Amino acid sequence: MAMKIGNENFSDRVGKGINNSFMRGAVSGAQDSIGARRLNAVEELGNWEEWRSHGEEIRQHVLENLDYYLEQLSDNIAKRGGHVFFAATPEEANDYIRGVIKKKDAKKVVKSKSMVTEEINLNASLEEIGCEVIETDLGEYILQVDDHDPPSHLVAPALHKNREQVREVFTEKLGYKKSSDPTELAQHAREMLRQDYLTADVGITGCNFAVAETGSFALVTNEGNADLVTSLPQTQITVMGMERLVPTFEELEVLVSMLTRSAVGQKLPSYVTVLTGPREELDVDGPEEFHLVVIDNGRSRILGTEFQSVLQCIRCAACLNACPVYRHVGGHSYGSIYSGPIGAVLSPLLGGYDEYKELPYASTLCGACSEVCPVKIPLHDLLHKHRQVIVEKEGKAPVSEKLLMKAFGLGAASPKLYKWGSKLAPSAMNPFTSDDKISKGPGPLKAWTDIRDFPAPSKERFRDWYKNRDKGGNQS
Amino acid sequence: MKVTLFATCLVDMFQSDVGKATVEVLERLGCEIDFPESQVCCGQPAYNSGYVKESKEAMKKMIDTFADAEYVVSPSGSCAYMFHEYQHVFKGDPIWEPKARKLAEKTYELTQFIVDVLKIEDVGARLEGKATYHTSCHMTRLLGVQKAPMILLNHVKGLDFTELPGKEQCCGFGGTFSVKMAQISEQMVDEKVQHVEETEAQYLIGADAGCLMNIGGRINRQGKPIKVMHIAEILNSR
Amino acid sequence: MTGTIKNRDAFLNNIAQNLGRNRLSDPVKRPQWKFNPQAKVLSEATEDELVEVLKAHCEKINTTVVTTTKAGLTVALNEAVTNYGGGPVVTWKDERFSKWGLTDLFKNEWPNQGLDYHEWDHSAGDKNIQFAEQANVGITISEYTLAESATVVLLSNKDRGRTVSFLPKTYIALVPKSSIVPRMTQAAQKMRELHLDGKNVPACINFISGPSNSADIELQLVVGVHGPFKATYIIIEDL
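Chains as they are written, first to last, in the numbering used here: chain A, 1 to 476; chain F, 1001 to 1238; chain C, 2001 to 2239.
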C-alpha cells in the first residue's frame, strides 16, 4: 500500500464513510474516550502550554539544522557498527532493503507498525521477491490478514473494524474457532505471531525518534511487539522519515512523554525501547546486523516553505481524535494513509494537489486540531494556506467559484455596491421566501437549503433601522 | 464610553434584531454607539476559501472605516477574530500592517467587551426558561473568549442553564464549508442538534450569527420546538 | 567494526539547499532551551512520596507491587513466583542476586522443589532464548525506576538478555528503593552522562511499565498480547 488508498473520488469516499454506521460509532466513541484521557493526561501536568512550547522549540531547532543532525546520527550509528542508507525516493529505499534481504537469503520478515513503510509501499515490494512479510502490531495484523485493508487511524489502525468482523476474518483466514471476545482474538494472534518472531530472518521497524548524539532510536508500543521484532531476528532494518530525530536523550524523553500523553493519555506506554546499533559482541539476543534507512520522499521539498512546520509532527494523532470532520467521515475518506487534519495538510504536500486537492477544504477551520497539537503545528492555518495555494498558484479552483469570489471582492470592498446588493436582497429572494425563511434556494444556496432553512433577508436591514432611529423615528 | 459598532453582514442583512439588541444593551450599559455606514463585509468568506487577494480590498476598507474608533465591538466572535487576523494578512506591509495591528488592539466581541472592558457581569437581564449555549470555535479558540458569555449568562435571572454535551465540537458551519462540503456539514449539524435536544433546552443561545443560522436552519427544517437566540437578544431581555 | 553510510552527501546537500543555505560544517550547539517543564515534575517529592506515586500508578497499569526488605526478599520473591504458578523461571546473570541473598533460592531451593530454573548464560547462545520462550516467569533488576509512570529501566549486556522480560508469560522486576527517581527525565540524563563520559550507551535500553497490552479491537483493553500477561514489582526498601 502506498500513501494513496482506494481509487474512488473524494465525494464517494466520504459518502461511504458517512454510511458506515459501525465505523462512525467506533470513531466517535474513540474520539470521546481518547479525547477525555488525553485531556486528563495533559491537564494533570499543570503546565501543558509550557510543554507544548518546549516540544515546538525542540522540533523547530531540529528542522532548521536537519542536515547537521542527520550527519551526526549517521556517523554515530556507523561508529556502533550499524549501516545507514539515505533514500531520496521510495524506489531507492525499497531497492536497498530488497538488497539486504536477498543478501541474507531471508524468507520471512516480521514488522512492527510503521507509517513510513506504508508510505513507500515496502511490504508489496518485499512480497514481489517472494518474501513473507508479517505485521505484528495487533491492529495492523488484523488488517493484513483481511487482504490488506488500509489503516484508518494513525495510532489505532483497525479502528473501523468491530470484533465480529475480526472474528470472521480470523475464522476465514486463520482457522480460528473461538468467540469474538477481544481477549480470545488477541490470544490467537499471540500464538500465531510467537512462531513468526522465532522463525523470522529479518525484523523491520519504523522509528518514533532517533537520537543524533548517540546514534540511538526509540520505539514506543503497548504490545511489546517491537521488542520481539528487534530482539529475535538476526538482521534488523529500521526505516525513518528524515525529520524524526532529536539532538540528545534529554529531548527524546520530552517528546516521548508528549507523544504518549497526546496519543492515548498515557504517562508512558508499556514499552519504550531505545536501541543503539547492532547487539554487542557477546550478546545473545538483538540483531547481529543493523541497517537504518532514512527516507525523504518529498519531505525536503517542504523545508524552507510556509509549510515547514508540518514536519514538526510526532504522529500522535491527537488532531484526528479532536477533528469534527474526521469524526463523521473516518480515515478512509481521506484517500491517504495519513488521515485527519495532519493528513489533510501532509498528503497534498507529499502526494500532490491533483490527488488531494479536496482535503484542505474538508475542514471548518475550527482550530480543534491546532489546539491539541503537542508541538504547536498551526494545522488549521496550514489548511488555509493550502487553499490559498490552490486558488492562487495552482489555479485549481472551479471557475464559477472564482467568478463568485471576484464579485464578492468587488461587492464587499465597495460600500456602495454592498449597500445596493444588500438592499435588493429581500426582493430578489422574494420568490423563494415563505414565513421568513427560504427552504429551496437558487444557485449555490441550494446546497444549503437541501439541508437547512435559510433565513429570508430582514425586511428592514439593520443599517436602515439604525438610520431611521437616529432621526428619532424608531427609538425604543 | 464611545463604541463603534461592527455589525457584520449577516446581522445587517438577515438578523437585524440581533443588531438592535446589541445597540440597546450597550446603550443601557452607558455606551454611546456609532455605526459607520461605510462598513462592508470583513472579507472572511473569500479569505477562508483561499481568495486572499480578493479579500484584501474589503479588509482595507474596513481598516479605514474603523480607523478613528475608540473601541470596535461586534456581536460575532468570528468576525471580531477576523479583525485580529488582518495584521497577519498584511504582515510586512509598511502601511497596512501597523494600521491592522491598531484595529486588532481595539476590537472586541460583544460579551468580551462587556466583561473585560466595561467590567460588568450582570446586565440586569431576565428570561424564564431552560437554555443551553453553543460555544463557537472561532470565538473560543481563535479569539480566546471563553468565560465572558458564561459569566453574563449565569447572571440572567430566571434562566435555567444546562451545558451542551460535546460543546467543543464545531457545528459544521465553517462558512463556505457548509455548502462546499454539504454532506459532511449535514452530519455535523445533525449531531449538534441532537446534543441540543438532549439538554431539553427551550433556547439555544450562541454568539455567532453564522453558527446560529446553521444550527437554527437545521432545527427549523426538522421542526424542533427550540428557539435559537443570539446572546445579545438574551442580554436585552427584561 | 564500523558500519557503512551511503548516499549521504547528495541527500544532505539537498536538505541544506531547500533550507536556503550551505551545508553546516561546524557542530551545531544545542540552544539553551527557553522551556524546561519536565524538570519540575515531582521535583519536590521525598523518596517516600515517590514510592507512593509509583504504587498508585501501578494500580492503573495492572501491576502488582510488593514491598519488602533485603532480609525478606527471598520469601517475597518465592511467593511472587508461586503466585504466578511457579516455574520454569529465567533470570539474568547478575551478581546483585547473590549480594541480595538469592543464590540459595535460585540454586538450591527451587531445583529441590523441582522448579526449572535458568540463569542467562551467553556462552549457551540460543538455548537462552529457547528457555525464555517456554518460561513462566522472567526476573530482572531495575536500574532506574520512574515513579511518575511506574516504569522499570533495564540496561542490556551479554549477561542481561533482552528477552527475559518479554518472552515469559509473567514478569517480575526487582526494584531497589534507591533506584526510584521522579520520571524519565532523570534516567535520560544518566544515559546522556554515560555518553558524555565517553562510554557507550547500552545497545538496548528498555523502559517497561507493566504487562504487555493492546486496545486495537474496539478499544477494549486486552492484557498480554505479545509479552507478559502479568507483572509484579518488588520494591526493596533498604537497597
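By construction, the Cβ of each residue, glycine as well, lies at the ideal position given by its N, Cα and C atoms. None of the values given here were measured: they were computed from a predicted structure.
_Using beta carbons (cut-off 8 Å, strictly below), is residue 1184 of chain F in contact with chain A?_
Stepping through the second sequence from its first residue, residue 1184 of chain F is reached at position 184. Yes - at least one Cβ of chain A is within 8 Å of the one on residue 1184 of chain F.
_In whole angstroms, give me the CA-to-CA distance for residue 2223 of chain C and residue 1225 of chain F._
Here residue 2223 of chain C refers to the residue found at position 223 when the third sequence is read from its first residue. Here residue 1225 of chain F refers to the residue found at position 225 when the second sequence is read from its first residue. Distance between the alpha carbons of residue 2223 of chain C and residue 1225 of chain F: 48 Å.
_What does DSSP give as the partner residue(s) for residue 2157 of chain C in the beta ladder?_
Your numbering for residue 2157 of chain C matches position 157 in the third sequence. DSSP, once it has assigned bridges, lists C:2160 as partnering residue 2157 of chain C.
*Check the Cβ of residue 1007 of chain F against every Cβ in chain A and list those closer than 7 Å, keeping chain order.*
Here residue 1007 of chain F refers to the residue found at position 7 of the second sequence. Residues of chain A passing the Cβ test: 462.
*Would residue 1030 of chain F count as contacting chain A if we go by Cβ distances under 8 Å?*
The count along the second sequence starts at 1 and reaches residue 1030 of chain F at position 30. Not one chain A Cβ lies under 8 Å of residue 1030 of chain F.
*Any Cβ of chain A within less than 8 Å of the Cβ of residue 1188 of chain F?*
Taking the second sequence and counting its residues from 1, one reaches residue 1188 of chain F at position 188. Cβ-Cβ to chain A under 8 Å: yes for residue 1188 of chain F.
*How is residue 353 of chain A classed by DSSP in three states: helix, strand or coil?*
Within the first sequence, numbered from 1, the residue matching residue 353 of chain A stands at position 353. DSSP places residue 353 of chain A in helix when its eight states are reduced to three.
_Please report the straight-line C-alpha distance between residue 476 of chain A and residue 1154 of chain F, rounded to a whole angstrom._
Reading the first sequence from its first residue, position 476 is the one you call residue 476 of chain A. Reading the second sequence from its first residue, position 154 is the one you call residue 1154 of chain F. The predicted position of residue 476 of chain A is uncertain, since its pLDDT is 46 and thus under 50; a value taken from the coordinates is nonetheless stated next. For residue 476 of chain A and residue 1154 of chain F, the distance between alpha carbons rounds to 26 Å.
_Check this for me: beta carbons of residue 277 of chain A and residue 215 of chain A, under 8 Å apart or not?_
Start at 1 with the first residue of the first sequence, and residue 277 of chain A comes out as number 277. Start at 1 with the first residue of the first sequence, and residue 215 of chain A comes out as number 215. Taking 8 Å as the cut-off, the Cβ atoms of residue 277 of chain A and residue 215 of chain A count as close.
*Please state if the CB of residue 1090 of chain F and the CB of residue 1100 of chain F are separated by a distance shorter than 8 Å.*
The residue you call residue 1100 of chain F lines up with position 100 of the second sequence. The residue you call residue 1090 of chain F lines up with position 90 of the second sequence. For residue 1100 of chain F and residue 1090 of chain F, yes; Cβs fall inside 8 Å.
*Measure from the C-beta of residue 1150 of chain F to each C-beta in chain A and report whether the shortest distance is under 8 Å.*
Looking up residue 1150 of chain F in the second sequence gives position 150. Judged by the 8 Å Cβ criterion, residue 1150 of chain F is not in contact with chain A.
*asked:* Among A:231, A:114, A:156, whose alpha-carbon lies nearest the alpha-carbon of residue 2221 of chain C?
replied: As a first step, residue 2221 of chain C must be located in the third sequence, where it is residue number 221. The shortest Cα separation from residue 2221 of chain C among A:231, A:114, A:156 belongs to A:156.
_Under DSSP, the alpha helix (DSSP H) around residue 2208 of chain C begins and ends at which residues?_
Stepping through the third sequence from its first residue, residue 2208 of chain C is reached at position 208. Under the DSSP assignment, residue 2208 of chain C falls outside any alpha helix (DSSP H), being part of the beta strand (DSSP E) whose first and last residues are 2204-2208.
*Assigned secondary structure, residue 269 of chain A (DSSP; H/G/I helix, E/B strand, else coil)*: Position 269 of the first sequence, counted from the first residue, corresponds to residue 269 of chain A. Three-state result, residue 269 of chain A: coil.
*Under a three-way DSSP split, which group does residue 1146 of chain F fall into?*
Taking the first residue of the second sequence as position 1, residue 1146 of chain F is located at position 146. Residue state, collapsed to three classes: coil.
*Could you give the distance in angstroms between the alpha-carbon of residue 248 of chain A and the alpha-carbon of residue 2176 of chain C?*
Looking up residue 248 of chain A in the first sequence gives position 248. Looking up residue 2176 of chain C in the third sequence gives position 176. Going from the Cα of residue 248 of chain A to the Cα of residue 2176 of chain C covers about 27 Å.
*Which first and last residues belong to the beta strand (DSSP E) in which residue 86 of chain A is found?*
Taking the first sequence and counting its residues from 1, the one referred to as residue 86 of chain A is at position 86. Note, residue 86 of chain A: beta strand (DSSP E), 83-87.
*Who are the neighbours of residue 2161 of chain C on chain A, taking C-beta pairs under 7 Å?*
Sequence index remark: in the third sequence, residue 2161 of chain C carries index 161 (1-based). Here the neighbours are 284, 285.
*Give me the Cβ distance between residue 361 of chain A and residue 1020 of chain F, rounded to the nearest whole Å; I'm assuming they're in contact under 8 Å.*
If you number the first sequence from 1, residue 361 of chain A lands on position 361. If you number the second sequence from 1, residue 1020 of chain F lands on position 20. 35 Å between Cβ atoms; not a contact.
*Hey, does residue 474 of chain A have any beta-carbon neighbour from chain C nearer than 8 Å?*
Residue 474 of chain A sits at position 474 when you count from the first residue of the first sequence. Any reading at residue 474 of chain A must be qualified, since the residue scores a pLDDT of 45, below 50, and its modelled position is unreliable; the value itself is stated next. False, the Cβ-Cβ gap to chain C never drops below 8 Å.
*Quick check: the segment 171-186 of chain A against the segment 78-92 of chain A, are there 3 or more CB pairs under 8 Å?*
The segment 171-186 of chain A, when compared against the segment 78-92 of chain A, does not touch it at the 8 Å Cβ threshold.
*asked:* Let's see if you can read the secondary structure: which residues bound the beta strand (DSSP E) around residue 367 of chain A?
replied: Sequence index remark: in the first sequence, residue 367 of chain A carries index 367 (1-based). That residue, residue 367 of chain A, is in no beta strand (DSSP E); it is neither H nor E in DSSP.
*Excluding the five sequence neighbours on either side, which residues of its own chain have a C-beta within less than 8 Å of the C-beta of residue 2160 of chain C, listed in chain order?*
What you label residue 2160 of chain C is simply residue 160 of the third sequence in a count that begins at 1. Excluding positions up to five away in sequence, the list reads 2092, 2093, 2094, 2120, 2140, 2154.
*Roughly how many angstroms lie between the CA atoms of residue 1096 of chain F and residue 2042 of chain C, to the nearest whole one?*
As a first step, residue 1096 of chain F is located in the second sequence; it is residue number 96 there, counting from the start. As a first step, residue 2042 of chain C is located in the third sequence; it is residue number 42 there, counting from the start. About 49 Å.
_Please report the distance separating the alpha-carbon of residue 2040 of chain C from that of residue 2173 of chain C._
Walking along the third sequence from the start, residue 2040 of chain C turns up at place 40. Walking along the third sequence from the start, residue 2173 of chain C turns up at place 173. Approximately 27 Å between the Cα atoms of the pair.
*asked:* I want to see whether chain C comes within less than 8 Å of residue 77 of chain A, judged by CB atoms only; does it?
replied: The residue labelled residue 77 of chain A in the question sits at position 77 within the first sequence. Chain C, which has a Cβ nearer than 8 Å to the Cβ of residue 77 of chain A, makes this yes.
_Am I right that residue 340 of chain A and residue 41 of chain A are in contact with their C-beta atoms under 8 Å? What's the rounded C-beta distance?_
Position 340 of the first sequence, counted from the start, is the residue given in the question as residue 340 of chain A. Position 41 of the first sequence, counted from the start, is the residue given in the question as residue 41 of chain A. At roughly 19 Å, the Cβ-Cβ gap does not stay under 8 Å, so residue 340 of chain A and residue 41 of chain A are not in contact.
*Report, in whole angstroms, the separation of the C-beta atoms of residue 136 of chain A and residue 2226 of chain C, which I expect to be a contact under 8 Å.*
Within the first sequence, numbered from 1, the residue matching residue 136 of chain A stands at position 136. Within the third sequence, numbered from 1, the residue matching residue 2226 of chain C stands at position 226. Confirmed, Cβ separation roughly 7 Å.
*asked:* Rounding to the nearest angstrom, what Cα-Cα distance links residue 449 of chain A and residue 1129 of chain F in this structure?
replied: Indexing the first sequence from 1 puts residue 449 of chain A at position 449. Indexing the second sequence from 1 puts residue 1129 of chain F at position 129. C-alpha separation (whole angstroms): 30 Å.
*asked:* Short of 7 Å Cβ to Cβ, which residues in the segment 1064-1091 of chain F face chain A?
replied: For the segment 1064-1091 of chain F, which is checked against every Cβ of chain A, not one residue is closer than 7 Å.
*Closest to residue 395 of chain A by CA distance: which of A:354, A:384, A:377 is it?*
Position 395 of the first sequence holds residue 395 of chain A. Answer by Cα proximity: A:354.
*Measure from the C-beta of residue 1053 of chain F to each C-beta in chain A and report whether the shortest distance is under 8 Å.*
Locating residue 1053 of chain F in the second sequence gives position 53, where the first residue counts as 1. Cβ-Cβ to chain A under 8 Å: yes for residue 1053 of chain F.
*Does any residue of chain A bring its CB to less than 8 Å from the CB of residue 2216 of chain C?*
Stepping through the third sequence from its first residue, residue 2216 of chain C is reached at position 216. Chain A contact via Cβ: present.
*Members of the segment 346-359 of chain A near chain F, C-beta cut-off 8 Å*: none
*Keeping to the same chain, check which residues put their C-beta closer than 6 Å to that of residue 1036 of chain F; ignore five residues upstream and five downstream.*
Locating residue 1036 of chain F in the second sequence gives position 36, counting from the first residue. Once the five neighbours on either side are set aside, the close Cβ partners of residue 1036 of chain F are 1065.
*Could you check where the alpha helix (DSSP H) with residue 188 of chain A kicks off and where it finishes?*
In the first sequence, the residue the question calls residue 188 of chain A occupies position 188. 182-199 is the span of the alpha helix (DSSP H), which, as asked, contains residue 188 of chain A.
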